[in-house]
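In my numbering, the protein residues as written are 2 to 263.
We put the CB at the ideal spot given by N, CA and C, even for glycine.
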């Protein structure tokens, strides 16, 4: 049963991807734009293979992924405790919620000029932009998850003599974990948006955003699209392998997402 479900899921995803590729190939060969601007899939594949063999694509992807993971780690280290405090304590909610509501609508890339003035161009500015973009989805989802914990579970834990630490570890955190993982997934997506823009503006030594920006100067659309494909492949790999593995070992095993998986 499970193998059949995974097989159907795989083929549905493959069909959607094949349709997207066919749509692009049709558009590229339609003549609406020159193929120098909208290259066909064969040209993109050749360039992707070339820059993969010379090591430039894997190197730039590794730099960008490293910045995303560092920024996401900082966002989780800041966002999860704040979200937990907001969900558990009314005073913390009153203190942090106005700040979050004011800061969240500000685009992360709007901070890049200020960050450059404060910290200079390079790694620190790019990582700070990523951290800023990724923190707010974590805060909001963790806050929502803690508030959604069934009050009966909390009262039952207290009636059995559980302290605040036991309550947090054995009741609140497992019950809120689906929201926590959703927040991390959303933060991961926002981190990629921020890191590419940050690499374009903050001018670090390497990265996929820097590659796309440099390729624009030479109208090298194949390199730009190959870099975009690399971002999509990394995102898909994390969603299907990393996040799915963690979910299966935690919230799915605890029965917290059983309804959503049926």
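Boundaries of the alpha helix (DSSP H) around residue 188: 174 to 203.
DSSP places residue 86 in the uninterrupted alpha helix (DSSP H) bounded by 57 to 89. Sixteen is the threshold: since fewer than 16 other Cβ atoms of the shown chains lie within 10 Å of the Cβ of residue 243, the residue is exposed.
Within a 10 Å sphere around the beta-carbon of residue 61 sit 16 or more other beta-carbons, which makes this residue buried.
Proximity of the segment 196 to 215 to the segment 28 to 37 falls short of the contact definition, fewer than three beta-carbon pairs being nearer than 8 Å.
Contact annotation, residue 139 with residue 185: C-beta distance approximately 6 Å; criterion of less than 8 Å satisfied.
No Cβ-Cβ contact shorter than 8 Å links residue 74 with residue 200.
In this structure, the beta-carbon distance from residue 129 to residue 137 does not fall below 8 Å. Distance from the Cα of residue 77 is smallest, within the candidate group 143, 95 and 67, for 143.
DSSP places residue 249 in the helix class (H, G or I) of the three-state scheme. In the three-state DSSP reduction, residue 33 falls in the coil class, being neither helix nor strand. Taking the Cα of residue 180 as reference, the smallest distance to any Cα among 148, 153, 241 and 196 is reached at 148.
Around residue 198, the same chain offers 109, 110, 113, 130 and 210 as residues with beta carbons nearer than 8 Å, after the five sequence neighbours per side are excluded. According to the DSSP assignment, residue 49 belongs to the alpha helix (DSSP H) that extends over 42 to 54. Exclusion of the five residues before and after residue 107 leaves no residue of its chain whose Cβ lies closer than 7 Å to its Cβ.
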